[in-house]
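All residue numbers for the sequence shown refer to my numbering, where the first residue is 76 and numbers rise by one.
We put the beta carbon where it would ideally sit given N, CA and C, even for glycine.
Fair warning: this is a prediction, and the values are worked out from it, not measured in the lab.
Below: one structure, written as C-alpha coordinates.
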Amino acid sequence: MTLELLTVAETIAALEVDGLIIRDIDDIPAEVGLRQSLLIPKPDYVTDFVMERVSYGGASALIDVTYTLNYRLLYQSIGAERALTLTVWSGLVDMVARIWDAFLAIGVFQPDHDEIVEVVPLAPFNMGIVNDPSDRAFYGCDLAFQVHEFAR
(Lines of atoms letter the chains of each structure in order from A; the text may use other names.)
(Lines give C-alpha, C1' and ligand atoms only; values in the text may rest on other atoms or scores of the structure.)
Protein backbone atom coordinates (compact mmCIF):
# COMPACT_ATOMS: atom_id res chain seq x y z
CA MET A 76 0.00 0.00 0.00
CA THR A 77 1.30 3.41 -0.96
CA LEU A 78 -0.22 6.60 0.39
CA GLU A 79 -0.86 9.30 -2.17
CA LEU A 80 -0.56 12.25 0.24
CA LEU A 81 2.23 13.89 -1.80
CA THR A 82 0.26 13.50 -5.04
CA VAL A 83 -2.88 14.93 -3.41
CA ALA A 84 -0.94 17.90 -1.94
CA GLU A 85 0.70 18.64 -5.32
CA THR A 86 -2.67 18.38 -7.08
CA ILE A 87 -4.16 20.88 -4.64
CA ALA A 88 -1.22 23.28 -4.98
CA ALA A 89 -1.63 23.17 -8.77
CA LEU A 90 -5.30 24.20 -8.66
CA GLU A 91 -6.13 27.50 -10.29
CA VAL A 92 -8.62 29.80 -8.59
CA ASP A 93 -8.95 33.33 -9.95
CA GLY A 94 -7.56 35.86 -7.47
CA LEU A 95 -5.96 33.21 -5.22
CA ILE A 96 -2.46 31.85 -4.73
CA ILE A 97 -2.31 28.29 -3.36
CA ARG A 98 0.88 27.20 -1.58
CA ASP A 99 2.14 23.74 -0.73
CA ILE A 100 3.41 22.73 2.72
CA ASP A 101 7.04 23.39 1.73
CA ASP A 102 6.29 26.79 0.17
CA ILE A 103 4.59 28.75 2.96
CA PRO A 104 5.88 32.32 3.11
CA ALA A 105 7.08 33.65 6.46
CA GLU A 106 5.09 36.80 5.80
CA VAL A 107 2.14 37.23 3.47
CA GLY A 108 1.81 40.19 1.11
CA LEU A 109 -0.95 42.65 1.90
CA ARG A 110 -2.57 42.63 -1.54
CA GLN A 111 -3.01 38.94 -2.23
CA SER A 112 -5.40 36.18 -1.24
CA LEU A 113 -3.53 33.07 -0.19
CA LEU A 114 -4.45 29.50 0.73
CA ILE A 115 -1.79 27.82 2.87
CA PRO A 116 -1.56 24.56 4.82
CA LYS A 117 -2.09 24.96 8.56
CA PRO A 118 0.46 23.65 11.09
CA ASP A 119 -1.96 20.79 11.82
CA TYR A 120 -1.99 19.98 8.11
CA VAL A 121 -2.96 16.28 8.32
CA THR A 122 -5.55 15.23 10.91
CA ASP A 123 -8.18 12.54 11.46
CA PHE A 124 -6.02 9.83 9.89
CA VAL A 125 -7.88 6.50 9.72
CA MET A 126 -6.86 3.23 8.07
CA GLU A 127 -9.54 0.61 7.47
CA ARG A 128 -8.80 -2.88 6.26
CA VAL A 129 -11.31 -3.83 3.53
CA SER A 130 -10.16 -7.33 2.57
CA TYR A 131 -8.44 -10.42 3.87
CA GLY A 132 -4.92 -11.34 2.92
CA GLY A 133 -2.39 -10.46 5.60
CA ALA A 134 0.28 -8.19 4.13
CA SER A 135 -1.58 -8.07 0.80
CA ALA A 136 -4.88 -6.95 2.35
CA LEU A 137 -6.54 -3.91 0.82
CA ILE A 138 -6.69 -0.87 3.10
CA ASP A 139 -8.73 2.30 2.62
CA VAL A 140 -7.27 5.45 4.15
CA THR A 141 -9.11 8.63 5.15
CA TYR A 142 -7.52 11.85 6.40
CA THR A 143 -8.24 15.56 6.52
CA LEU A 144 -6.00 18.25 5.03
CA ASN A 145 -6.32 21.60 6.81
CA TYR A 146 -5.76 24.97 5.16
CA ARG A 147 -6.06 28.63 6.09
CA LEU A 148 -7.52 31.12 3.65
CA LEU A 149 -6.00 34.57 4.06
CA TYR A 150 -8.51 36.52 1.99
CA GLN A 151 -7.71 40.17 2.71
CA SER A 152 -5.43 41.87 5.18
CA ILE A 153 -6.98 43.85 8.02
CA GLY A 154 -6.68 47.51 7.14
CA ALA A 155 -7.31 47.08 3.43
CA GLU A 156 -10.91 47.91 4.40
CA ARG A 157 -11.85 49.98 7.44
CA ALA A 158 -13.98 47.23 8.94
CA LEU A 159 -15.37 43.79 8.23
CA THR A 160 -18.08 45.08 5.92
CA LEU A 161 -20.72 43.25 3.94
CA THR A 162 -18.51 43.70 0.87
CA VAL A 163 -15.63 41.89 2.58
CA TRP A 164 -17.95 39.11 3.80
CA SER A 165 -19.43 38.74 0.33
CA GLY A 166 -15.97 38.53 -1.25
CA LEU A 167 -14.79 36.01 1.35
CA VAL A 168 -17.81 33.76 0.85
CA ASP A 169 -17.43 34.03 -2.93
CA MET A 170 -13.75 33.04 -2.66
CA VAL A 171 -14.67 29.99 -0.54
CA ALA A 172 -17.25 29.00 -3.18
CA ARG A 173 -14.65 29.31 -5.96
CA ILE A 174 -12.20 27.19 -3.94
CA TRP A 175 -14.90 24.54 -3.44
CA ASP A 176 -15.63 24.56 -7.17
CA ALA A 177 -11.94 23.94 -7.89
CA PHE A 178 -11.81 21.09 -5.37
CA LEU A 179 -15.03 19.56 -6.66
CA ALA A 180 -13.53 19.65 -10.16
CA ILE A 181 -10.76 17.36 -8.87
CA GLY A 182 -13.46 14.92 -7.84
CA VAL A 183 -12.16 11.39 -7.98
CA PHE A 184 -8.80 10.75 -9.60
CA GLN A 185 -6.54 7.76 -10.06
CA PRO A 186 -2.86 8.59 -9.39
CA ASP A 187 -1.81 5.01 -10.17
CA HIS A 188 -3.45 1.66 -10.92
CA ASP A 189 -3.84 0.62 -7.27
CA GLU A 190 -5.52 3.65 -5.74
CA ILE A 191 -8.54 5.86 -6.31
CA VAL A 192 -8.54 9.19 -4.46
CA GLU A 193 -11.51 11.41 -3.66
CA VAL A 194 -11.20 14.93 -2.20
CA VAL A 195 -14.30 16.36 -0.47
CA PRO A 196 -14.46 19.97 0.82
CA LEU A 197 -15.86 20.37 4.34
CA ALA A 198 -17.64 23.42 5.78
CA PRO A 199 -15.39 26.44 6.50
CA PHE A 200 -14.78 27.37 10.12
CA ASN A 201 -13.20 30.23 12.10
CA MET A 202 -14.64 32.60 9.52
CA GLY A 203 -13.71 36.19 10.33
CA ILE A 204 -10.27 37.26 11.54
CA VAL A 205 -7.39 34.78 11.20
CA ASN A 206 -3.61 35.21 11.38
CA ASP A 207 -0.87 34.51 8.86
CA PRO A 208 2.40 32.75 9.87
CA SER A 209 3.89 36.09 10.98
CA ASP A 210 0.80 36.71 13.17
CA ARG A 211 -0.56 39.50 10.95
CA ALA A 212 -4.38 39.64 11.00
CA PHE A 213 -6.40 38.86 7.86
CA TYR A 214 -10.04 38.41 7.03
CA GLY A 215 -10.35 34.76 6.16
CA CYS A 216 -11.21 31.32 7.47
CA ASP A 217 -9.98 27.78 7.89
CA LEU A 218 -10.88 25.16 5.30
CA ALA A 219 -10.65 21.40 5.55
CA PHE A 220 -10.73 18.78 2.82
CA GLN A 221 -11.39 15.15 3.56
CA VAL A 222 -9.35 12.78 1.43
CA HIS A 223 -10.37 9.17 0.83
CA GLU A 224 -7.81 6.83 -0.69
CA PHE A 225 -9.59 3.69 -1.80
CA ALA A 226 -7.41 0.62 -2.39
CA ARG A 227 -8.26 -1.56 -5.35
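The count of Cβ pairs closer than 8 Å, one atom from the region 119-133 and one from the region 142-151, reaches three, so the stretches are in contact. At the C-beta level, residue 112 and residue 150 come within 7 Å of one another. Of all alpha-carbon atoms in 195, 87 and 165, the one lying nearest the alpha-carbon of residue 214 is that of 165.
Distance from the CA of residue 94 to the CA of residue 163, rounded to the nearest whole angstrom, comes to 14 Å. Here the region 128-137 makes no contact with the region 87-107; the two share fewer than three CB pairs at distances below 8 Å. Counted as a single uninterrupted DSSP element, the alpha helix (DSSP H) harbouring residue 82 occupies residues 80-88.
Taken through DSSP and simplified to helix, strand or coil, residue 198 comes out as coil. Beta-carbon to beta-carbon, residue 220 and residue 190 are separated by about 17 Å, too far to satisfy the 8 Å threshold. Annotated three-state conformation of residue 207 is coil, per DSSP. In the three-state reduction of the DSSP assignment, residue 165 falls in the helix class, which pools H, G and I.
In the DSSP assignment, residue 102 falls outside any beta strand (DSSP E), carrying neither H nor E.
The straight-line gap separating the alpha-carbon atoms of residue 179 and residue 168 is approximately 16 Å. Distances from the CA of residue 89 to each of 108, 115 and 172 were compared; the closest alpha carbon is that of 115.
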